[in-house]
Structure formats: structure tokens, C-alpha cells
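Reviewing the structure listed below.
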Amino acid sequence: PSTIYLSDYQVPAYLIDTTELAFELGEDSSLVTSLLHIRRNPAANQLGAALVLHGTELELLSLAIDGRVLTASEWSQSGEQLVIADVPEAFVLRCETRIRPQENTSLEGLYKSSGMFCTQCEAEGFRKITYYLDRPDVMSVFTVEITADAQRYPVLLSNGNLVATETLTDGRHKTVWQDPFPKPAYLFALVAGKLSCVSDSFRTMNGRDVDLKIYVEDKDLDKCDHAMASLKNAMRWDEEVYGREYDLDIFNIVAVDDFNMGAMENKSLNIFNTSCVLAKPETTTDAGFQRVEGVVAHEYFHNWSGNRVTCRDWFQLSLKEGFTVFRDSEFSADMGSPTVKRVEDVTLLRTAQFAEDAGPMAHPIRPDSFIEISNFYTVTVYEKGAEVVRMIHTLLGPDAFRKGSDLYFERHDGQAVTCEDFVLAMEAASGVDLSQFRNWYSQAGTPKLSVSGDYDAEQQSYTLNVSQSCPATPGQSSKAPFHIPLKVALLGEAGQLPLQLLGESANVESADNTEMVLNVTEQTQSFTFTGINELPVPSLLRGFSAPVKLDFDYSREQLLRLMRGDSDGFCRWDASQQLGLAEIKRALADVAAGQNVAPDAAYLAACRDLLSDGSLDGAMVAMMLQLPSEAYLAEIFHPVDVLAIHHAREALRLAIATALQLELLDCYNRCCSDAPYAADAEQIAQRSLKNTALAYLMLLDNESARELATAQFENSENMTDRLAALNALVNSAAPYKAKALQSFYQNWQHEPLVINQWFQVQAMCRLPGSLETVQGLMNHPAFDIRNPNKVRALIGAFCGQNGVNFHREDGAGYRFLGDQVIILNRSNPQIASRLLVPLTKWRKYLPAAQQLMCAELQRILAEPDLSSDVYEVVSKSLQ
Ligand code: HT7
Ligand code: ZN
6 PSTIYLSDYQ
16 VPAYLIDTTE
26 LAFELGEDSS
36 LVTSLLHIRR
46 NPAANQLGAA
56 LVLHGTELEL
66 LSLAIDGRVL
76 TASEWSQSGE
86 QLVIADVPEA
96 FVLRCETRIR
106 PQENTSLEGL
116 YKSSGMFCTQ
126 CEAEGFRKIT
136 YYLDRPDVMS
146 VFTVEITADA
156 QRYPVLLSNG
166 NLVATETLTD
176 GRHKTVWQDP
186 FPKPAYLFAL
196 VAGKLSCVSD
206 SFRTMNGRDV
216 DLKIYVEDKD
226 LDKCDHAMAS
236 LKNAMRWDEE
246 VYGREYDLDI
256 FNIVAVDDFN
266 MGAMENKSLN
276 IFNTSCVLAK
286 PETTTDAGFQ
296 RVEGVVAHEY
306 FHNWSGNRVT
316 CRDWFQLSLK
326 EGFTVFRDSE
336 FSADMGSPTV
346 KRVEDVTLLR
356 TAQFAEDAGP
366 MAHPIRPDSF
376 IEISNFYTVT
386 VYEKGAEVVR
396 MIHTLLGPDA
406 FRKGSDLYFE
416 RHDGQAVTCE
426 DFVLAMEAAS
436 GVDLSQFRNW
446 YSQAGTPKLS
456 VSGDYDAEQQ
466 SYTLNVSQSC
476 PATPGQSSKA
486 PFHIPLKVAL
496 LGEAGQLPLQ
506 LLGESANVES
516 ADNTEMVLNV
526 TEQTQSFTFT
536 GINELPVPSL
546 LRGFSAPVKL
556 DFDYSREQLL
566 RLMRGDSDGF
576 CRWDASQQLG
586 LAEIKRALAD
596 VAAGQNVAPD
606 AAYLAACRDL
616 LSDGSLDGAM
626 VAMMLQLPSE
636 AYLAEIFHPV
646 DVLAIHHARE
656 ALRLAIATAL
666 QLELLDCYNR
676 CCSDAPYAAD
686 AEQIAQRSLK
696 NTALAYLMLL
706 DNESARELAT
716 AQFENSENMT
726 DRLAALNALV
736 NSAAPYKAKA
746 LQSFYQNWQH
756 EPLVINQWFQ
766 VQAMCRLPGS
776 LETVQGLMNH
786 PAFDIRNPNK
796 VRALIGAFCG
806 QNGVNFHRED
816 GAGYRFLGDQ
826 VIILNRSNPQ
836 IASRLLVPLT
846 KWRKYLPAAQ
856 QLMCAELQRI
866 LAEPDLSSDV
876 YEVVSKSLQ
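Converting from the sequence shown to full-length UniProt numbering requires adding 5 to each position, the first position being numbered 1.
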């Protein structure tokens, strides 16, 4: 496999103005006929260039130019390229191909899922449908004709407007769709199947009525309300916050069972993984409801940030993904609890993204090379990309940011552009110089900010000394300093102190002058605040204002003060995590010395206060009571001793549960409610706190806790509480757990998404023997290795989220993953390479683990016919 470089980008030699596609869908194979109106690109300056089309796994039946059939000597094929050497300035290319969607297990291109035809073309799947200029800077107006058996496939959909339907004589029928907006091939979509739909409508800010439809299997019609409400909320929010109005008269969503990612933003025909659209309280957890809301909004927001303005090339992926994740995360914050959403986003970033940035696959949010673009749909491009947009928002302020976004859409509507174009629009609209800020686009790695504070009582001043550094990453041994917005406040005895900075270089954030954004641009820099008449506690990186690792040597007392009293929710939570981390470090030492783990009294008192104060936000309390996760700890310790960390953390959890059992029980009881289920912030917070308390109580392993869990499992009417109880039982020694698992399966066996949760609970069980359980479940009739959701629920959850069992000292967990990657490499390379990620982190662990993990990577690399997806990840991990 070869490497593709951003620096090699060239404008396309040819353009395709219009694309007419005719699909004859059949049971063995399907025929695709394309009529492409092609002309030489005047901007390309490549006179006489050959026409080079992309295509793979296609059976070419015929090729004709302007009605004349080409002979075999007029074209040639090599790899994924079809080359026609001699073409006129402008011409119509007619191409006929046969494809076999029924045999397509990669879930890219046209494939079948649960009896229906569907497509996934991003990034480079369209070339599995027909020969084409399959690159995002070639935008074309599509007309699509679909013919299929009317009984098996009563619903035939594509992008844009339905312009004709016809019943044919042979039991088949036909629809014709026209999309007036030019689009790249990756936004093309087709669906054919037996589908039912839920309909609604939305009146836009200019009074146009948009017809909204969600297509699902008949049995799922009762699970569409939340997605529909989320869609309408997203449409309204995008009008209010970004001034973006929807541009067609119809917007369709289709749910499919077999899908490699969460969803796809195809123009006016979004295709969704069922897990991201279906929701009802009986089958879906609170997290599931929130995911549906977030993904529906994300795909909808792409209509502007992605579709109307798209990417010039795939190196610019973060242009649409980073911006759209920022937009969806602000939307979710507005719909629910902003602090909880921020903490969730930061948690994902600090675990998965920081790990990626510190590993062999580290890349800037705008990568400069890749072998397989599918490997770059990463937490870096998405989540760190969103943080970069958020920093621009912070540096410009909301009003100038909105002006920048308006200018970006105005300048580039209908174009395929670059991250640079986005930054230029932001600069032009605001007057803010983002020259140095651009380093965030080109440099990988997580910067570290080391901060210290000096108080000068005589001068009544407080100085923050800041230094930044960034570790080397593959291909980037040294880094230029970043422009880091560092949001700060200073806490005095009676509250936040007014901030007066000596010199400039800061934006005042709050009306009362007590919060500022410091512009950190140098390797080392000092910021002195004047008029500070007491020794303050600095509140730093408020709202997690930059994706960096912050180091400030806080005392326990200072952290306790931040945890109790900071007005910034993120900093309050973060203080609780730093305190938890200190406790885990002590527990590690205690366990290693064979001593009992005894949490610090002041820490316990703070936790006790959190539990007892019914006036606090339940979700915040739940998050603050949870110790830093093992995944986060794996980013802190070097080398990572997974088993020692796990045992110390568990011992600490047990000690906390023992010390606070009365408060935990009180809190649990206080949170129980008979109110009918709602997925609103208040109820979600209450359930989250209740189930956090339950998980602690179950560690005590006593009969009364088991009774609570059993009663909750048996009597809950919502999946959040039922699953939390099942999870607590499965991780305990309660004999009832086998029965609980069995009855759960009996009750829900007809709901695939619920059974995936059942798989996942077992795959994540911390107790010994989980690997054998997972291996057994792979033979369960409900498991299907062709379905990515099931693979993620069982294999992905075990290898990625069950550290203590995956990292078994005998290496059986690693061998298991190696085996599964080898199997999936043949059927679904995208899923195989994603699954592989836990092995790629081998350098973090103890030498014995390193050796075993490395051996598995070598074994995979030695496999014949390795896909480019798996090859890239394995070979880079071993470099
Ligand atoms: N833009 C979508 C990307 C996507 C995708 C990429 C590779 C392979 C399969 C895929 N399915 C969807 C998703 C999004 O970010 O909205
Ligand atoms: Zn996206």
C-alpha cells in the first residue's frame, strides 16, 4: 500500500457537471449505468491529460464516449484506476458496471443490511459502485433512477427531490430522484427496502415547510419519537445560533442495522446506524437517548458544515468534522446540562484522544499523509478538531465567531475548501491574528502547560508563570509553541477577585472582571495581576479552555477549596479528579506494601458532604464521586501496570463505600422516584447519582445491597436503571446474577440493540473469567460477526474497556484480539483496524505485556492479503 501526501494535492484534471445514474437492483447482482457529463478543468492546466477514474471490485460491462463504444485498447486498468488516454475537451461518458451488493461485507459502497439495499460512500466508497472521480473536490448535480422488485423493495430513495415514479410490468417499479445541489460522490446515497416511516414537518425561519421522515423497520416505529424531536430541535437551533436554514423540502433519515460508524450525512438522505436513531425508555439508556440526540443533530448540522461547504481533499476532514462536533456539542449543552456535557467531552478527550496523540498513530487534526483515509476518522480529527474550533470561539468571543462563521458560509457556499479557508474567514471577520494559532492544525501531540504561582504581599500582586512544551510525535521531533487560550480566575476567601493584568495580552471574559483568557504564546511567559490583596487559589484552564495537560502543584487544601467552591463546573470536577488521583497513588503504595487502603479523612468528608447535600446538581455529584477511570490513569502512569492500578482503585472504591455506606444508602433512597421517565437533564442527573450510589453499595457485597440491586433490576421500567442494576449484579458475587442475565435475555431477545447491551455488560465484567465468557458468547445465536454493533459490544468492549481481563498476564486477551482482527481483516477491514487499537498502545505497558502485545502485532503483519486499513495501523505501531 502506498502513502498519499497532502503536499501532492493537485486540482482535478476533469470536472463532472452532471451525473445520471440508473440502478437495476437484483437478487444476485445489480447493474449500474452512469452518464457523466465531463469537461476538462480550466483551472488544471493539464492539456491532453488522460482521464483517470477510480473504481474497485467492479465488473466493467461497457464504456462509451459521446455514444461511441470504446474498444479494449482505448482504456486500461491498474489497481483502483481506470485510464482513458484520449478524451475530448468535453464529452459524455457512458459506463455500465455490474456489482454484487449481496457479497459486500465491507459495508462500503452499495450493500445489503437486513434485506435492504443501502449505501455508505464516505470516504471512498462510491468507487465500489461505479467508475468515477471519487474525490470531494469534484462536485456534480445528480439524477438517480432506481428500479427494483416492488414487493421486496417498496421504498426506493435517493438524494434530493422525488421527480418520477413508475410501476413496471414485470413486478418491478422505478423512482427517479434529482438533487439540485452539486455534491461530491461521498454524499451520494441510495436506499431500497421494506420500510415504514414516521412523518412530521418543520417550518423554517422563512416559513417553508420541510417534510421530515424517519424510515425504519415496522417493528421499530415506536422508537422514532426522540430522534424526530431531536431533529426538529436541531433545525431550530441551527437557525437561531448560526442563522442556517434547511434548503430542500424533504429531509429523510433511514435506520440500518449494519453500519460501520454512527451515521452518515448524505444530502437530504441521512443513513443511520439503528443504535443512533432508535430510542424508547424501555429499551434505551439515558446515554443512548443522549447519543441519538447528539448524532441526529451532528448529521443535520453537516448540511451546512460539510455539504453546502465541503472539503477540498480528505486531509481537510477536520474542517467539516471538527466544526460539526463543536456545533453538536454546543447544541447538546444547550439541550441538557452544559457542565455535564463539557465534562463528558473532556473525559473522552483526556482518555482516548490524549492516548492517540501519545501513540504510534498520532497525527495533527489536519494530517499530512495517510495510507488509508478510513483510519483517520479519529478522536483527533473529530474531538481535538472540535476543541480547536472551540479555542477560536474563545479567542474571538461569540459575536465575532458568529460573524466568522457567516463569512465562511457566504464565501464558500457550493465550494470544496480547506481548513485554511475557515481560519481566514475567522480572521477576516474578527481582526484577530491567528497566525500562530495555525500550529494546532499542523502539529500533533498534547501540549503540556506547567504553571506556578507567586504571591507578592508587598506589591499586592500575583504572578502566574506559564511554560509550554509538547512531546515529539511520529515524524515531528520538535514543535513550535502553540497559541493557547488559558482561561483563569483567582479565588479569594470571599469569592473571585477582580483581575487587573499588568500589560496586555488577555481578553476579559466576565462582566465583573473576574475571569480572563490569557494568550499563552511563548515557551515561557509570566502574567502578573495587580491589586491582589490576599493569597489566592488560581482556577486554571476554566471550562477546559485548551486541549492541554495542565500541571500546577496544588495542595490538598487548595483542591478541596476548588472542589467545593469554584464557580466553574469543569474546574470543580477536575479538582475532585485530582484529589481522587492522589488517593489512588496512595492506595497503590498501600497495596504494594500489603497494607489496608485508608482514604484521607478530608477527602472522605468532602465526598460525604457531596452525598448529603440534596441541593447540589446530582449529575455533578455523581461525576465528582467517581474516581478517575483506569483509562485516564493509563495516561498518567509510566509504565502502566494495569493489574496493580485496577486492584488499588478497586480497594479504594471499597474503602470509600465502607466509610460512606449510610450516606450512600440515604442518597440512593433520596434519588428513587416514581415519576414517569423523561430524558431530561434533571431526571438523568438523578438516575446517574442513584446508580453511582448503587455501584458503590454493591462493592460491600452484603445482602441488603444485593436486595436493592435485585429489586431495581426486577422493578425498573426504564433501561437505564435496569441495566445499571444488572451491571452491578454481574460484577458482584451475587448468586442471582446468572438468573438476572438469563431473564434479561429472555425478555429482550427480540430487540437487537438491547441484546448488544447484554453482550456489553458481560464483556466488561471486571471479575476473572470474562475472556472465556466472551469466547462463549461469540457462539451465541444472537452474535453475528458481520454486524459491527455486535462486534463492538462484545469484542470491542472486552478489548477496549476491560483492562484487567484484556491484559491477563498469560496474554490470552491479546491472542484473542489478534485472532479476531485476522478474521475481520477479510470481511470488514475498517472494523478490523479500529478493533486493533488497544494493541497499538503496547509501548505503555510493563515489559512482559509489551512483548506479548508486540508478538500479536507481528503475527497480524505476517498475514497474507492484509488490507491497507490493517496494514497501516499495524506497521505504524511497530515502527
Ligand atoms: N461523516 C460521516 C463519516 C462516516 C464514515 C467514514 C468512514 C467509514 C464509514 C463511515 N460512516 C460515516 C460520519 C459523521 O461524522 O457524520
Ligand atoms: Zn460528522
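Ideal Cβ placement from N, Cα and C applies to all residues, glycine included.
Predicted, not measured: the structure shown is a model, and the values here were computed from it.
Could you tell me the distance, in whole angstroms, from the CA atom of residue i to the CA atom of residue j?
| i | j | result |
| --- | --- | --- |
| residue 104 | residue 34 | 6 Å |
| residue 737 | residue 703 | 7 Å |
| residue 5 | residue 204 | Residue 5 lies beyond the stretch modelled for the chain, which goes from 6 to 884, so this question has no answer here. |
| residue 828 | residue 386 | 28 Å |
| residue 557 | residue 586 | 14 Å |
| residue 595 | residue 659 | 14 Å |
| residue 13 | residue 402 | 36 Å |
| residue 664 | residue 772 | 23 Å |
| residue 345 | residue 876 | 38 Å |
| residue 679 | residue 783 | 38 Å |
| residue 217 | residue 482 | 51 Å |
| residue 252 | residue 720 | 47 Å |
| residue 370 | residue 840 | 21 Å |
| residue 726 | residue 623 | 15 Å |
| residue 273 | residue 300 | 15 Å |
| residue 631 | residue 560 | 20 Å |
| residue 362 | residue 197 | 41 Å |
| residue 334 | residue 774 | 38 Å |
| residue 756 | residue 288 | 8 Å |
| residue 172 | residue 32 | 19 Å |
| residue 80 | residue 95 | 17 Å |
| residue 846 | residue 158 | 45 Å |
| residue 147 | residue 41 | 10 Å |
| residue 214 | residue 266 | 31 Å |
| residue 125 | residue 684 | 31 Å |
| residue 689 | residue 604 | 29 Å |
| residue 199 | residue 368 | 42 Å |
| residue 112 | residue 123 | 9 Å |
| residue 960 | residue 581 | Because the chain here runs from 6 to 884, residue 960 falls outside it and cannot be looked at. |
How about residue i and residue j: are their beta carbons less than 8 Å apart?
| i | j | result |
| --- | --- | --- |
| residue 764 | residue 799 | yes |
| residue 794 | residue 280 | yes |
| residue 583 | residue 609 | no |
| residue 258 | residue 275 | yes |
| residue 6 | residue 873 | yes |
| residue 887 | residue 672 | Because the chain here runs from 6 to 884, residue 887 falls outside it and cannot be looked at. |
| residue 286 | residue 723 | yes |
| residue 351 | residue 575 | yes |
| residue 101 | residue 30 | no |
| residue 137 | residue 190 | yes |
| residue 820 | residue 861 | yes |
With a threshold of 7 Å on Cβ separation, who are the neighbours of residue i within its own chain once the five nearest residues in sequence on each side are excluded?
| i | result |
| --- | --- |
| residue 271 | 164, 192, 193, 194 |
| residue 890 | Given a span of 6 to 884 for the chain in the structure shown, any question on residue 890 remains unanswerable. |
| residue 430 | 409, 412, 413, 416 |
| residue 340 | 238, 298 |
| residue 742 | 734, 735 |
Once you ignore the five residues that flank residue i on each side, which residues in its own chain have a CB closer than 6 Å to its CB?
| i | result |
| --- | --- |
| residue 808 | 635, 647 |
| residue 38 | 27, 101 |
| residue 892 | As shown, the chain starts at 6 and ends at 884. That puts residue 892 outside it, with no answer to give. |
| residue 374 | 8, 10 |
| residue 849 | 645 |
| residue 389 | 358, 370, 552 |
Any residue with its Cβ nearer than 6 Å to a heavy atom of the ligand ZN should be included. What is that list in chain order?
Any residue whose Cβ sits closer than 6 Å to a heavy atom of the ligand ZN makes the list: 303, 307, 326, 329.
So does the stretch 471 to 479 actually touch the stretch 518 to 529, counting three or more Cβ pairs closer than 8 Å?
Inter-segment contact for the stretch 471 to 479 and the stretch 518 to 529 is present: three or more beta-carbon pairs are separated by less than 8 Å.
Below 8 Å, can you find three or more Cβ-Cβ pairs linking the stretch 544 to 560 to the stretch 314 to 333?
At 8 Å Cβ cutoff, the stretches do not touch.
Three or more C-beta pairs under 8 Å: does that hold for the stretch 460 to 469 against the stretch 351 to 358?
By the Cβ rule, the stretch 460 to 469 does not count as touching the stretch 351 to 358, because fewer than three pairs are nearer than 8 Å.
Three-pair Cβ contact test at 8 Å for the stretch 539 to 551 versus the stretch 491 to 506:
Contact holds: three or more Cβ-Cβ distances are below 8 Å.
Taking one C-beta from the stretch 801 to 818 and one from the stretch 835 to 850 each time, how about it: are there three or more such pairs within less than 8 Å?
Contact between the stretch 801 to 818 and the stretch 835 to 850 is established, with three or more Cβ pairs separated by less than 8 Å.
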